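The structure appears right after this line, and notes come after that.
Protein chains: 2
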Amino acid sequence: MPTYRIDLAYDGTGFHGYARQNNVRTVQGDLETALFRITGDVKTIVAGRTDGGVHAVGQVVSFSVDAPLDTRRLQRSLNGQLGPEIAVSGVAEVGGDFHARFSATGRRYRYRIWNRPVLDPLTARTTWHIPEPLDVGAMDGTVGWFVGVHDFASLCRKAPGRTTVREVLDARWIRSGDIVELSISAVAFCHQMVRSIVTVSVDAGKGRSRPEDVPVILAARSRDVVRGLAPPHGLTLMAVTYDEAEPGTVPSWVVL
Amino acid sequence: MPTYRIDLAYDGTGFHGYARQNNVRTVQGDLETALFRITGDVKTIVAGRTDGGVHAVGQVVSFSVDAPLDTRRLQRSLNGQLGPEIAVSGVAEVGGDFHARFSATGRRYRYRIWNRPVLDPLTARTTWHIPEPLDVGAMDGTVGWFVGVHDFASLCRKAPGRTTVREVLDARWIRSGDIVELSISAVAFCHQMVRSIVTVSVDAGKGRSRPEDVPVILAARSRDVVRGLAPPHGLTLMAVTYDEAEPGTVPSWVVL
């Protein structure tokens with residue numbers, strides 16, 4: 000069966016997250032409705048199921064169909080139906096064993112904070128407004144402790160029977176002007192993990208905790224040690240990476 | 000009477016422009032409703048009346064009241080009522096002769112184009128999407144011809160009995176990555192002038208006209224020579240300047 004990869008971006012503001020749900024607007028719902036007009040019934044696989052309000056620049060979706068498709072026409076038709084909130088930046092035929100989720104070898108997210116006393120209406124949809132000064136050095140020191148393989152049970156919404164062990168590949172907080180930004184990549188993230196890491200970082204940035212508290216937080220393996228969840232609209236899925244050499248294989252170290 | 004200056008920013012997407020109108024949402028309407036709760040009935044003056052969909056980073060409003068106000072409390076109260084689409088970045092007491100519109104000595108606007116085949120959902124509210132390649136050198140050469148004192152009748156929506164002579168102080172198109180951006184300042188602009196200049200620029204950027212056509216366009220003194228109007232959502236009022244030495248005076252060369 001011919002298999003296709005779709006790269007897409009979206010403004011998550013108006014969606015109840017990526018994953019299809021009954022009676023509410025979702026990215027998957029809009030995408031599959033648009034695809035249905037072209038391909039008939041089709042089942043799509045997504046690399047990263049983003050929550051309500053979370054944005055994407057480099058989301059990846061895969062699906063298989065019975066008969067070959069014209070990729071340029073498919074892209075044009077999807078963009079005509081889905082814009083301006085969803086944009087398809089590429090459509091490509093891939094090997095039959097390509098799986099947007101299981102073939103992925105890494106995900107990178109960005110989290111943006113608008114760090115000035117007064118908010119900025121033009122970035123309000125994509126940044127968390129924190130008026131108090133933030134110690135970005137302390138925030139960067141905090142996320143350094145998360146790099147490597149750890150049990151992130153304190154920072155994940157529980158999924159019964161699933162491991163909460165993940166490998167964070169890198170994580171940096173930097174300031175550029177009034178924007179304070181986290182870039183973080185991992186093989187895979189568990190649910191709500193990035194927004195919990197932001198919460199812990201901001202606590203340190205406000206001087207309420209220290210970077211060295213992270214090992215204690217991780218060791219607790221309980222969500223009670225992390226207060227609240229950073230709001231979704233500061234978060235954007237930037238990129239999903241695949242092993243270019245063997246795009247269809249599932250590396251054994253991917254945490255499913 | 001104590002007189003105040005308010006600096007504000009807004010995302011123009013949800014507003015039918017700045018100026019108050021009956022039965023539709025406007026920036027002035029929201030602002031005066033919020034002010035009314037604090038000061039009672041008040042008449043505000045604005046530096047630049049932006050059209051529906053146009054944004055602002057540095058809009059300026061002035062008003063006078065009978066009794067002095069606590070500027071910090073006023074700012075906090077306005078931001079509590081108006082966010083996140085409108086933000087008040089500053090409130091200051093000014094001289095009684097300060098007039099947001101007549102005291103202004105210059106206005107600066109930005110116009111942004113997203114110049115890639117596929118649009119970007121996260122900048123779609125603030126950029127005009129033009130998929131075809133643009134010759135930014137030709138666009139920059141085009142706006143160079145508008146600098147100076149000219150009759151902009153070909154580029155302005157007519158206001159009976161008002162002059163269409165304006166002085167453009169500087170105008171530049173530059174590319175940074177996928178964004179092509181105009182920065183333009185003038186003592187004052189007439190209605191729809193910047194968006195008409197963008198239309199003429201984009202014609203040159205697509206090779207449909209040449210920079211040297213501008214003198215012919217100006218000489219025509221007719222809107223028939225400019226086809227269409229660039230969409231409002233790419234436009235942002237960036238700053239209004241005042242003569243710092245004498246903030247309350249109206250320079251004789253301001254075109255009212």
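The listed protein sequences correspond, in order, to chains A and B.
According to numbering that gives the first Met the number 0, the residues represented by the first sequence are 0 to 255, in order.
According to numbering that gives the first Met the number 0, the residues represented by the second sequence are 0 to 255, in order.
The C-beta atom is built at its ideal place from N, Cα and C for all residues, glycine as well.
As the structure is a computational prediction, the values presented were derived from the model and not from experiment.
Flag S182(A) as yes if its beta-carbon sits less than 8 Å from any beta-carbon of chain B, otherwise no. The count along the first sequence starts at 1 and reaches residue 182(A) at position 183. By this cut-off, S182(A) is not an interface position.
Counted within 10 angstroms of its Cβ, other Cβ atoms place R106(B) as buried (16 or more) or exposed: By one-based count along the second sequence, residue 106(B) stands at place 107. Buried is the call here.
How would you call N21(A), buried or exposed, if buried means at least 16 neighbouring beta carbons within 10 angstroms? The sequence position of residue 21(A) within the first sequence is 22, counting from 1. Flag for N21(A) reads exposed.
Which chain B residues sit within Cβ distance under 7 Å of G82(A)? Numbered from its first residue, the first sequence carries residue 82(A) at position 83. Chain B residues near G82(A): L118.
Tell me, to the nearest whole angstrom, how far the beta carbon of T126(A) is from that of G233(A); I am working on the premise that it is less than 8 Å. If you number the first sequence from 1, residue 126(A) lands on position 127. If you number the first sequence from 1, residue 233(A) lands on position 234. That pair is a contact at about 6 Å.
Reference I194(B); option with closest CA among D6(B), T104(B) and R222(B): Sequence index remark: in the second sequence, residue 194(B) carries index 195 (1-based). A small correction: the amino acid at residue 194(B) is Arg; Ile does not occupy that position in the sequence shown. Each of D6(B), T104(B) and R222(B) was checked against the Cα of R194(B), and the nearest Cα belongs to R222(B).
Per-residue DSSP class, three states only, for H232(B): The residue you call residue 232(B) lines up with position 233 of the second sequence. Of the three classes helix, strand and coil, the one that applies to H232(B) here is helix, per DSSP.
Using only CA atoms, which one of N114(A), G204(A), V87(A) and W144(A) lies nearest to M138(A)? For the purposes of this step, residue 138(A) is identified with residue 139 of the first sequence, where counting begins at 1. Selected option, being the one with the closest Cα: G204(A).
Determine, using beta carbons only, whether Y241(B) comes closer than 8 Å to chain A. In the second sequence, the residue the question calls residue 241(B) occupies position 242. For Y241(B), no CB of chain A lies under 8 Å from its own CB, so it is not counted at the interface with that chain.
Spatial neighbours of R115(B) within its chain, please: C-beta separation below 6 Å, excluding the five flanking residues on both sides. Taking the first residue of the second sequence as position 1, residue 115(B) is located at position 116. Within the same chain, R115(B) has close Cβ partners D177.
Below 6 Å CB to CB, which residues in the same chain sit around G147(B) once its five sequence neighbours on both sides are set aside? Looking up residue 147(B) in the second sequence gives position 148. So no residue of the chain qualifies.
Close-in-space but distant-in-sequence residues of the same chain around G51(B) (CB under 8 Å, 5 per side omitted): Within the second sequence, numbered from 1, the residue matching residue 51(B) stands at position 52. Setting aside the 5 residues that flank it on each side, G51(B) is surrounded in the same chain by G11, F14, H15, G16 and P231, each with a C-beta closer than 8 Å to its C-beta; the list follows chain order.
Please list, in chain order, the chain B residues whose beta carbon lies closer than 7 Å to that of I85(A). Numbered from its first residue, the first sequence carries residue 85(A) at position 86. Residues of chain B with a Cβ closer than 7 Å to the Cβ of I85(A) are, in chain order, P120.
Continuous beta strand (DSSP E) stretch holding L181(A): start and end: Taking the first residue of the first sequence as 1, we reach residue 181(A) at position 182. It spans I178 to A185 - the beta strand (DSSP E) in which L181(A) sits, taken as one unbroken run.
Look up Q58(B) in the DSSP assignment and give the residues it is bridged to. Locating residue 58(B) in the second sequence gives position 59, where the first residue counts as 1. Q58(B) pairs with L7(B).
Contacting residues, own chain, Cβ-Cβ under 8 Å from R161(A) (five flanking each side not counted): Position 162 of the first sequence, counted from the start, is the residue given in the question as residue 161(A). Counting only Cβ-Cβ distances below 8 Å, and skipping sequence neighbours, we find C189.
Collapsed DSSP secondary structure at E211(B) in the structure displayed: The residue labelled residue 211(B) in the question sits at position 212 within the second sequence. Helix at E211(B).
Using a Cβ cut-off of 9 Å, pull out every chain B residue sitting near H149(A), in sequence order please. For the purposes of this step, residue 149(A) is taken as the residue at position 150 of the first sequence. The premise fails here: H149(A) is roughly 31 Å from chain B at the closest Cβ pair, so nothing lies under 9 Å.
Per DSSP, what kind of secondary structure is I129(B) in: helix, strand or coil? Translated into positions along the second sequence, residue 129(B) becomes position 130. Annotated three-state conformation of I129(B) is coil, per DSSP.
Name the residues in the stretch 7–33 of chain A whose C-beta lies less than 8 Å from a C-beta of chain B; which are they? For the stretch 7–33 of chain A, the beta-carbon criterion of a distance under 8 Å to any beta-carbon of chain B is satisfied by A8, Y9 and D10.
Taking Cβ positions, are V45(A) and V60(A) nearer each other than 8 Å? Mapped onto the first sequence, residue 45(A) falls at position 46. Mapped onto the first sequence, residue 60(A) falls at position 61. Cβ atoms of V45(A) and V60(A): closer than 8 Å.
Any C-beta of chain A under 8 Å from that of S175(B): Taking the first residue of the second sequence as 1, we reach residue 175(B) at position 176. No, because no Cβ of chain A sits closer than 8 Å to the Cβ of S175(B).
So with CB distances below 7 Å, who are the chain B contacts of S195(A)? Along the first sequence, read from residue 1 onward, the residue named residue 195(A) stands at position 196. What S195(A) touches in chain B, judged by beta-carbon distance under 7 Å, is nothing: the nearest beta carbon there is about 23 Å away.
Residue-chain proximity (H54(A), chain B), Cβ-Cβ < 8 Å: Sequence index remark: in the first sequence, residue 54(A) carries index 55 (1-based). Chain B contact via Cβ: present.
Within 10 angstroms of the Cβ of L255(B), are there 16 or more other Cβ atoms? Answer buried if so, exposed if not. One-based indexing of the second sequence puts residue 255(B) at position 256. Its pLDDT being 28, under 50, L255(B) is placed unreliably by the model, and the measurement read from it follows with that caveat. Of the other Cβ atoms in all chains shown, fewer than 16 fall within 10 Å of the Cβ of L255(B); this residue is therefore exposed.
Starting from R106(B), follow its DSSP beta bridges and name the residues at the other end. Locating residue 106(B) in the second sequence gives position 107, counting from the first residue. Looking at the DSSP assignment, R106(B) forms a beta bridge with A185(B) and V239(B).
Which residues bound the alpha helix (DSSP H) around R194(A)? Mapped onto the first sequence, residue 194(A) falls at position 195. Looking at the DSSP string, the run of the alpha helix (DSSP H) that includes R194(A) is M192 to G204.
According to DSSP, is A219(A) part of a helix, a strand, or is it coil? Translated into the one-based positions of the first sequence, residue 219(A) becomes position 220. DSSP places A219(A) in helix when its eight states are reduced to three.
Should G256(B) go down as buried or exposed, given a rule of 16 or more other Cβ atoms within 10 Å for buried? This structure gives no information on residue 256(B), because the portion of chain B shown stretches from 0 to 255.
Can you give the Cα-Cα distance for S76(A) and Y108(A), rounded to whole angstroms? On the first sequence, position 77 is the one that residue 76(A) refers to. On the first sequence, position 109 is the one that residue 108(A) refers to. Whole-angstrom Cα-Cα distance: 28 Å.
In chain D, which residues lie less than 7 Å from S76(A) when you measure between Cβ atoms? Among the chains of the structure shown, chain D does not appear; the protein chains present are A and B.
Less than 8 Å between the C-beta atoms of L34(A) and A86(A), yes or no? Here residue 34(A) refers to the residue found at position 35 of the first sequence. Here residue 86(A) refers to the residue found at position 87 of the first sequence. It is not a contact, given that the beta carbons lie outside the stated cut-off.
Does A91(B) have its Cβ less than 8 Å from a Cβ in chain A? Position 92 of the second sequence holds residue 91(B). No, because no Cβ of chain A sits closer than 8 Å to the Cβ of A91(B).
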